[in-house]
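Participant:
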Amino acid sequence: MHLSKLFTLSTSLFYVVAASIDNDVSVLAKEAARANNQSLLWGPYKPNLYFGVRPRIPNSLSAGLMWAKVDDYATAQSNFRHTCEQNEGMAGYGWDEYDIRKGGRQTIHDAGNSLDLTIDFIKVPGGQHGGSWAARVKGVPRDDAPSDQPTTVVFYSALEGLGNLGLHTKTDDLRGFEGDVKLTGYTSDLGDFTIDVTQGPETNEHPEHEHPSYEEKPLDRTLVSSLTIPPEHAWQTKVVLFSQMKEGVSETIEKYGAENPPPPSQVFTIKNTPGDGNVQLVQKVFKGAFEFDILFSSGSSPEPVTSDLLTEEITSASVAFAERFDRILPPQSPFDSDEYTEFSKSMLSNLVGGIGYFHGSDIVDRSAAPEYDEEEEGFWEETAEARARAQPVLEGPKDLFTCVPSRPFFPRGFLWDEGFHLIPVVEWDTDLALEIVKSWLSLMDEDGWIAREQILGSEARSKVPPEFTVQYPHYANPPTLFIVLEAFLDKLDANKNISVQESPEDITERLRSVYVQQPELGEAYIRSIYPLLKKHYFWYRNTQRGDIKSYDREAFSTKEAYRWRGRSVQHILTSGLDDYPRAQPPHPGELHVDLISWMGMMTRSLRRIAERLGETEDAEEFRYYETAIERNVDDLHWDEEAQTYCDATIDEYEESVHVCHKGYISIFPFLTGMVGPNSPRLKAILDLIRDPEELWSNFGIRSLSKKNEFYGSAENYWRSPVWININYLVFKNLYDIATTDGPHQEQAREMYSRLRKNVVENVFREWRKTGFAWEQYNPETGSGQRTQHFTGWTSMVVKMMSMPDLPAIEIKGHDEL
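Positions 315 to 1131 (the working numbering) are the ones given, in order, by the sequence shown.
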């Protein structure tokens, strides 16, 4: 069945989007937004789960999977999988192919359960409520497992808000259901819907045994437990499942005695208590390989989803993904091989497959204690005392649509991560990236502040230590969303129309780039967020201001200096570079070169936006700030003797001095595009980056110089490891220098090609070796470190692979340093 038969988004949309822009722009913008929302409504938007589906609707329906091998009493309970965890016996997992508007395939190599699981998730547009979706779940015992290994799988659906959910399939047999099981439900946002959990193919086998308990509950039946629990606890499905099984285990032991228990596959089952309830548990027990389908059908769709349609759409989605990937982000030489293409597809798919929708309250300290200004010496002790006596409050509820850095460890939104996440996304699906930017901006308070870490709701807070849950309205974070907006401006300036055929099947394709195809809509989008961008910008200027006048510092401007608030002795978490060496002891007169560099990038972006919108006075104002920041970066932070950019502080004689720790901090003006091809500072920066005794390694650019006294010390978080987000910024700015006439063009070409090769090859090698992308990489060995399944900004290698090679010399293998 063709998508054109199912995709009943109003036919007028096709003509509206394709038509000339003579029509009213606001009407077009609303229609495009409506269609975009329909296309993005459903998805695996619970990235903290191995498989968790929900719509972008608060307090709505959700669904997910749990599973375990059940061959041993001692390990069965601990082997139940649900939430992604860092150390849970996984040999790798994630999306091999995934398109947020169509679906894709996730594979889970569960070594601890001796099971390889494949989940195909497909979206089927149609109707008035975001369409339908379906999933095919396949399990195969791994090579080290017996072919008849018993596995239990629990599908569940939960309703957090108003509506109803219940069992449509009826049976008087308390032993379970034969055949398919159908759930029905209704909410005001989703309308009527059904969920079919199929029996699966005839090849499915189920454990059999001679224990008398088998007669009461044959394992070739499907068990359904229908429960009503407080909606705020509906997300705790694993706890609910265990409480159900515990009751069954107790009854079994009481009935048969501990000396004659049934096999584990029989014991670890739920009671069959079908009916209505806001939580529905559907359990199956298999022997060996298995397969079944989950079919969600919207009542407003033209036809219900079937297993035959799912089979068709799985193939269709895979072909469409491959064709689109080859057109949009194909790896370029020397990475234009099948193995790197597979790797790049996986990294992009996991980035997009890690997008989540979050709803709930967060915890904010609105005390506005005067100590938070950090204006006195010893301020870090005073701020700690102020935080201790503060009484944070719950705010919200709020909503956020965002990528996440890591599904097992950081399944929530991080402001400075998100700009990096969206760099590949804006190439793949521009309108998706803009939707995420808009979602982030919607979190802004009346002063222009956005919390740097978004921990919305009790489910999100369950993964965060309590001491890190409170957000502070004077804390900033690098404003990386402006990087994405600059990339969007570049697309508008180039007016790169995407070629599509004139047929209804292309509506989904059009939804990826409406704002580029129709520049008037792109400008309308920018105009709609422009007031928020300005408010956000001036919040930074007002709250993160540094002090020039009090210390007789000489600079072009007496105003353009900046200092991160939220500093402790060893950390500036707000900078994103947590433990990077800074001035000791901390001082209220500090100036931070990375922050003024971010402000320069932010100002440049806003100036370009104002120019695009014809806001002449604003553009002049931003141009004035931009010039002053560029001058002050040199005046306040360039150290002629050290030939690098440095933080500044106040010494014991009340004099302004530089604190130079060569590394990421000292190249920030370059990273943010403020050092051009003809800058007198450029040669020193390139030499620092390229020196193997300083920052260069065979695996990427180190975060701190090997010569620095703090290299590899203490936590060693940002004190040596290679980070892919910063390496991308180095790489991107090397490309800009390498493709522009200037005295250092050839050096930049050589560095660009070598860095690209070193970083990509190492991330690929570790992915193939371990099954994971990693948070950071060891500069001496290249080994992946810290958080595994870090498919957030590490996925920026996708963008690095898709950019052209610029070989200055023939490169063979790794550098001989």
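Beta carbons: idealized from backbone N, C-alpha and C, even for Gly.
Please read these numbers as outputs of a predicted model, since none were measured by experiment.
For N351, count the other beta carbons within 10 Å of its own beta carbon; 16 or more makes it buried, fewer makes it exposed. Which is it?
Facilitator: Working through the sequence shown from its first residue, we reach residue 351 at position 37. Burial call: exposed.
Participant: Which runs of the alpha helix (DSSP H), 4 residues or longer, sit entirely within the segment 556-585?
Facilitator: 578-581, all fully within the segment 556-585.
Participant: Is there contact between the segment 592-609 and the segment 504-524, where contact requires at least three CB pairs shorter than 8 Å?
Facilitator: The answer is yes - the segment 504-524 touches the segment 592-609, with three or more Cβ pairs under 8 Å.
Participant: Straight-line CA distance for L950 to E868?
Facilitator: If you number the sequence shown from 1, residue 950 lands on position 636. If you number the sequence shown from 1, residue 868 lands on position 554. Their Cα atoms are separated by approximately 8 Å.
Participant: Hey, is the segment 1031-1038 in contact with the segment 1080-1098, meaning 3+ C-beta pairs nearer than 8 Å?
Facilitator: The segment 1031-1038 vs the segment 1080-1098: in contact.
Participant: Whole angstroms is fine: what's the gap from P277's alpha carbon to Y671's?
Facilitator: The displayed coordinates of the chain run from 315 to 1131. Any statement about residue 277 would go beyond what the structure contains.
Participant: Helix, strand or coil, according to DSSP, for S539 in the structure here?
Facilitator: Locating residue 539 in the sequence shown gives position 225, where the first residue counts as 1. Correct three-state label for S539: strand.
Participant: Which class does S1017 belong to by DSSP, given the choice of helix, strand or coil?
Facilitator: Counted from its first residue, the sequence shown places residue 1017 at position 703. Note: S1017 maps to coil in three-state DSSP.
Participant: Tell me which residues share the same chain as T322 and place their Cβ nearer than 7 Å to its Cβ, disregarding the 5 neighbours each side in the sequence.
Facilitator: As a working mapping, residue 322 is identified with position 8 in the sequence shown. Note on T322: pLDDT 37, under 50, position unreliable in the model; the coordinate value appears next. So the qualifying residues of the chain are G440, G441 and P616.
Participant: Considering only the alpha carbon of each residue, which of Q957, Q785 and S651 lies closest to P994?
Facilitator: Here residue 994 refers to the residue found at position 680 when the sequence shown is read from its first residue. Comparing Cα positions, the closest option is Q957.
Participant: What's the C-alpha gap between W853 and W763?
Facilitator: Position 539 of the sequence shown, counted from the start, is the residue given in the question as residue 853. Position 449 of the sequence shown, counted from the start, is the residue given in the question as residue 763. W853 and W763: Cα-Cα distance of roughly 6 Å.
Participant: Taking L746 as the reference, which of E695, S882 and D413 has the closest Cα?
Facilitator: If you number the sequence shown from 1, residue 746 lands on position 432. It is D413 whose Cα lies nearest to the Cα of L746.
Participant: For H482, count neighbouring C-beta atoms within 10 Å of its own C-beta (all shown protein chains included) and say buried if the count is 16 or more, exposed if not.
Facilitator: The residue given as residue 482 occupies position 168 in the sequence shown. Under this definition H482 is an exposed residue.
Participant: Report the residue from I910, L497 and L431 whose alpha carbon sits nearest the alpha carbon of A875.
Facilitator: Translated into the one-based positions of the sequence shown, residue 875 becomes position 561. Minimum Cα distance to A875 is reached at I910.
Participant: Do L379 and F394 have their C-beta atoms within less than 7 Å of each other?
Facilitator: For the purposes of this step, residue 379 is taken as the residue at position 65 of the sequence shown. For the purposes of this step, residue 394 is taken as the residue at position 80 of the sequence shown. In this structure, F394 does not lie closer than 7 Å to L379 by Cβ.
Participant: Do R489 and L521 have their beta-carbon atoms positioned less than 7 Å apart in this structure?
Facilitator: The sequence position of residue 521 within the sequence shown is 207, counting from 1. The sequence position of residue 489 within the sequence shown is 175, counting from 1. Note that residue 521 is Pro in the sequence shown, not Leu. Not a contact, by the Cβ cut-off of 7 Å.
Participant: Beta carbon of G417, beta carbon of L355: below 7 Å?
Facilitator: The count along the sequence shown starts at 1 and reaches residue 417 at position 103. The count along the sequence shown starts at 1 and reaches residue 355 at position 41. No. Outside cutoff.
Participant: Using a Cβ-Cβ cutoff of less than 7 Å, which residues in the same chain neighbour V1111 once the five nearest sequence positions on both sides are dropped?
Facilitator: As a first step, residue 1111 must be located in the sequence shown, where it is residue number 797. Here the set comprises M661, I1038, V1073, V1074 and V1077.
Participant: Can you pull the DSSP bridge partners for G668?
Facilitator: Numbered from its first residue, the sequence shown carries residue 668 at position 354. Bridge partners of G668: none, in fact.
Participant: Would you kindly work out how many angstroms separate the C-alpha atoms of S326 and Y359, rounded to a whole number?
Facilitator: If you number the sequence shown from 1, residue 326 lands on position 12. If you number the sequence shown from 1, residue 359 lands on position 45. Low confidence applies to S326: its pLDDT is 36, below 50, so where it sits in the model is not reliable, and the reading given next is rough at best. Their backbone Cα atoms lie some 29 Å apart in a straight line.
Participant: Since D861 and G903 should fall inside the 8 Å C-beta cutoff, what is the C-beta to C-beta distance between them, to a whole number of angstroms?
Facilitator: Start at 1 with the first residue of the sequence shown, and residue 861 comes out as number 547. Start at 1 with the first residue of the sequence shown, and residue 903 comes out as number 589. Yes, they are in contact, since the Cβ atoms of D861 and G903 sit about 6 Å apart, within 8 Å.
Participant: Return the CA-CA distance between S632 and L755, expressed in angstroms with no decimal places.
Facilitator: Here residue 632 is taken as the residue at index 318 of the sequence shown, counted from 1. Here residue 755 is taken as the residue at index 441 of the sequence shown, counted from 1. When rounded, the distance between both Cα atoms is 33 Å.
Participant: Could you check where the beta strand (DSSP E) with K383 kicks off and where it finishes?
Facilitator: In the sequence shown, residue 383 corresponds to position 69, counting from 1. Unbroken beta strand (DSSP E) run through K383: L375 to K383.
Participant: In angstroms with no decimal places, state the Cα-to-Cα distance between N664 and A790.
Facilitator: As a working mapping, residue 664 is identified with position 350 in the sequence shown. As a working mapping, residue 790 is identified with position 476 in the sequence shown. Cα-Cα distance, rounded: 28 Å.
Participant: Given a cut-off of 7 Å, decide if A448 and L609 are closer than it, judged by their beta-carbon atoms.
Facilitator: The count along the sequence shown starts at 1 and reaches residue 609 at position 295. The count along the sequence shown starts at 1 and reaches residue 448 at position 134. Yes; because the gap between Cβ atoms is below 7 Å, this pair is in contact.
Participant: Just curious, the alpha helix (DSSP H) that A388 is in, first and last residue?
Facilitator: Start at 1 with the first residue of the sequence shown, and residue 388 comes out as number 74. Here the alpha helix (DSSP H) through A388 covers Y387 to A390.
Participant: Check whether the segment 1104-1120 touches the segment 735-746, counting contact only when three or more Cβ pairs, one atom from each stretch, lie closer than 8 Å.
Facilitator: Verdict: yes, contact present.
Participant: Exposed or buried, which one is D385 when buried takes at least 16 other CB atoms within 10 Å?
Facilitator: Against the sequence shown, residue 385 aligns to sequence position 71. Buried is the call here.
Participant: Which two residues bound the contiguous alpha helix (DSSP H) that contains Y1031?
Facilitator: As a first step, residue 1031 must be located in the sequence shown, where it is residue number 717. Looking at the DSSP string, Y1031 is not in any alpha helix (DSSP H), and its letter there is neither H nor E.
Participant: Expressed to the nearest angstrom, what Euclidean distance is found between the alpha-carbon atoms of A382 and E565?
Facilitator: Residue 382 sits at position 68 when you count from the first residue of the sequence shown. Residue 565 sits at position 251 when you count from the first residue of the sequence shown. Approximately 21 Å between the Cα atoms of the pair.
Participant: Return the residue from the list A425, H901, G733 and S471 that minimises the CA-CA distance to D458.
Facilitator: Position 144 of the sequence shown holds residue 458. Considering only alpha carbons, the answer is A425.
Participant: Jot down the residue ranges of each uninterrupted beta strand (DSSP E) in the segment 952-1006, minimum 3 residues, whole runs only, in chain order.
Facilitator: Segments of the beta strand (DSSP E) lying fully in the segment 952-1006: 961-964 and 970-973.
Participant: What residue from G505, Y407, S579 and E767 has the CA that sits closest to Y528's CA?
Facilitator: Along the sequence shown, read from residue 1 onward, the residue named residue 528 stands at position 214. Selected option, being the one with the closest Cα: S579.
Participant: Starting from D893, trace the beta strand (DSSP E) both ways and give me its first and last residue.
Facilitator: Taking the first residue of the sequence shown as position 1, residue 893 is located at position 579. Run containing D893: none; DSSP gives neither H nor E here.
Participant: By Cβ distance, which residues of its chain are closer than 6 Å to N811, with the 5 residues on each side in sequence left out?
Facilitator: Walking along the sequence shown from the start, residue 811 turns up at place 497. In this prediction, N811 has a pLDDT of 47, which is less than 50 and means its spatial position is unreliable; nothing more can be read from the coordinates.
Participant: Roughly how many angstroms separate the alpha carbons of E626 and T508, rounded to a whole number?
Facilitator: As a first step, residue 626 must be located in the sequence shown, where it is residue number 312. As a first step, residue 508 must be located in the sequence shown, where it is residue number 194. Their Cα atoms are separated by approximately 20 Å.
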